[in-house]
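Comments concern the structure below.
Chains as they are written, first to last, in full-length UniProt numbering: chain A, 1 to 168; chain B, 1 to 509.
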């Protein structure tokens, strides 16, 4: 998929890449159009010689739309070729999704239980997710790494890390 | 030479102050660590250390801060090369080729090249600072808003050359970055744009996006198949590059150092811009530009020499004119004032001995950085031997804490996570991340200076072609942007005559 000879046009691309190109282009066109639409609420500039706060976002969004249309046109006319990269598989994507969810959960938990507790659990969970299933070493490594990071940032670099609303 | 005599006196004074030498080494070591940690920049390091220098004598305090500055700029390259975590914005450029070299099993040579190039770039900039400061100080005054706008456009023109396999995808990433860069306060009127009412978005969340796109995205990708380890391919190998190899890079290092010094002199332009511009020029002058982005030592050397070349340039205007070249020197300006020194033309006259002792100390800092850097690389390289199942969680934990440290904000971690997810899918479908980061650096600079220049010229666009530096920079920018497209178009025409068909704007060359 990602190692196809030329992406986005020209020599051809696998079907999955073509679909991805089209989806991404459509999403970006929608984002750019929404950005242009919301510039309508921006106030007019008070300075006669200024272009105002809306000009640059409109230019960037308009060029983005044109480029996405070029990508769509190129993708539609490129031939479909076989995908020669090894497939990631459902398990692979599930691993990535769980990793992302774990990070989001860590972020959410940090607000309540603080940095130290959330990070220890987060690291131990990620190690388990990545195949390291030792009931002894996972918590030990997680605690040691978190303690080193905590000390470095909180004490040495004077960065106050979240304590958590439950412990405040 | 008057300056040489003063420098020798400075060396003698410094030699009699071993505490200052020790503190400068401590500063360099701290700077390397701070630079290597994601989210902590040289600016932050200098700001953190500033209160500790209040009780020190001026030479010790200022050298310790200089050490953090120099070490911080260099330190970002270590994690950028080994783990694709750019510790500093400048290191995002180094990561493009540095991490590819690590994947090829050449991490040691990449780190060694980065260290040597940082040293040479930094030393060159300090020597220019010592011997050419009064001559070059006037150059900074030539730079007004229109020139800064042109410089930002020149920086943005690099997008075409760092687009990877597809120019159109690179441009899409670049313009998406430019659009994201407009999030926050309008630079002229202070009106909040696209913030959705979140005060956290009043400034462009540049560093969280950078950490997410590079480091978190790479960590998520490694979760696809946890069994695949970095393993032998990621062994450190040789550290000091063979002389024959490095000799061929000396041209790149010299050119990049000069670019770094010039960019450093320009107020408002820092090492991040220097690294990208130096990278692009190295690629332009290379006989094998197609290797850039795939693991080219020249790319690493250019970024590091350019970024560290900036240090002396930024100090030059700060010391001679009292104008800080970037955020770090702005903090250093405060440090000088606190020590009872007033930067400006009179500084050299009234405190000449002290200034040249500082210059001697800065040379010592760079030598110390070279020794500490090379000495610690073997130890730092051991992280590559860690099992992936431990290394990836450590990387993600560092991403989280590093992002939080920027503004003490959990909101920033959310942005980093969103950028990480976006970066993962961008990698998957060959949308390069570097143009987004470049656009986030250059976009606000381009807009603010364009609008300032327009206001200064009373609404006339004449400044685009009547000011020589602006006109030259804009012309070079247009050529830089169009050249890859023209090359591709000519290749397509040649291909079409041979029966092959390819679309415009698609490039693998």
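Just so it is clear, CB atoms sit at the ideal spot from N, CA and C, and this is done for glycine as well.
Check: For residue 79 of chain B and residue 380 of chain B, the rounded distance between their alpha carbons; Outcome: 9 Å
Check: C-beta contact flag for residue 513 of chain B and residue 309 of chain B at 8 Å; Outcome: No statement about residue 513 of chain B is possible, as the shown extent of chain B runs from 1 to 509 and does not include it.
Check: Cβ shell of residue 443 of chain B (< 6 Å), same chain only, five flanking positions each side left out; Outcome: 178, 181
Check: Straight-line Cα distance separating residue 77 of chain A from residue 200 of chain B; Outcome: 43 Å
Check: Buried versus exposed, by CB contacts within 10 Å (16 or more), residue 130 of chain A; Outcome: buried
Check: Separation of residue 54 of chain A from residue 40 of chain A, as counted between CA atoms; Outcome: 8 Å
Check: Sheet register partners of residue 13 of chain A (DSSP bridge); Outcome: A:80
Check: Assigned secondary structure, residue 131 of chain A (DSSP; H/G/I helix, E/B strand, else coil); Outcome: coil
Check: Cβ pair residue 377 of chain B, residue 253 of chain B closer than 8 Å; Outcome: no
Check: Any C-beta of chain A under 8 Å from that of residue 388 of chain B; Outcome: yes
Check: The stretch 185-203 of chain B: positions lying closer than 8 Å to chain A by Cβ; Outcome: 186, 188, 189, 191, 193, 194
Check: Nearest candidate by alpha-carbon position, reference residue 85 of chain A, set B:85, B:428, B:296, B:256; Outcome: B:428
Check: Closest Cα partner of residue 50 of chain B within the set B:245, B:244, B:329, B:401; Outcome: B:329
Check: Secondary structure of residue 57 of chain A, DSSP reduced to three states; Outcome: helix
Check: Beta bridge counterpart(s) of residue 185 of chain B as assigned by DSSP; Outcome: B:192
Check: Chain A within 8 Å of residue 445 of chain B, Cβ atoms only; Outcome: no
Check: Segment limits, alpha helix (DSSP H) that includes residue 163 of chain B; Outcome: That residue, residue 163 of chain B, is in no alpha helix (DSSP H); it is neither H nor E in DSSP.
Check: Against chain A: residues of the stretch 450-469 of chain B by CB proximity under 7 Å; Outcome: 451, 454, 455, 458, 459
Check: Ordered list of alpha helix (DSSP H) runs contained in the stretch 381-439 of chain B, each at least 4 residues; Outcome: 388-407, 410-428
Check: Under 8 Å between C-beta atoms of residue 29 of chain B and residue 71 of chain B; Outcome: yes
Check: 7 Å CB neighbourhood of residue 152 of chain B in its chain, flanking five on each side removed; Outcome: 442, 445, 446, 449
Check: Residue 48 of chain B at chain A interface by Cβ criterion, 8 Å; Outcome: yes
Check: Cutoff 8 Å: residue 122 of chain A Cβ touching any chain D Cβ; Outcome: Absent here is chain D; the protein component of the structure consists of chains A and B.
Check: Spatially closest choice to residue 22 of chain A from A:73, A:56, A:64, by CA coordinates; Outcome: A:73
Check: Anticipated Cβ contact below 8 Å, residue 147 of chain B with residue 294 of chain B, distance rounded; Outcome: About 34 Å separates the two Cβ atoms, so there is no contact after all.
Check: Residue 195 of chain B and residue 184 of chain B closer than 8 Å at C-beta; Outcome: yes
Check: Within-8 Å CB hit, residue 40 of chain A to chain B; Outcome: no
Check: Exposed unless 16 or more other CB atoms sit within 10 angstroms - verdict on residue 91 of chain A; Outcome: exposed
Check: Burial state of residue 166 of chain B (16 or more Cβ within 10 Å); Outcome: buried
Check: DSSP three-state assignment for residue 43 of chain A, whether helix, strand or coil; Outcome: coil
Check: Minimum Cβ-Cβ distance from residue 99 of chain A to chain B less than 8 Å; Outcome: yes
Check: Inter-residue Cα distance where the pair is residue 75 of chain B and residue 307 of chain B; Outcome: 11 Å
Check: is_contact[residue 408 of chain B, chain A] using C-beta, thresh 8 Å; Outcome: yes
Check: Any non-hydrogen atom of the ligand ZN within 7 Å of residue 149 of chain B CB; Outcome: Only the bare structure without any ligand can be found here, which leaves the ligand ZN out of the picture.
Check: Contacts that residue 224 of chain B makes with chain A (C-beta to C-beta distance below 7 Å); Outcome: 88, 92, 95, 96
Check: Chain-ordered neighbours of residue 561 of chain B on chain A, where CB pairs are closer than 8 Å; Outcome: No statement about residue 561 of chain B is possible, as the shown extent of chain B runs from 1 to 509 and does not include it.
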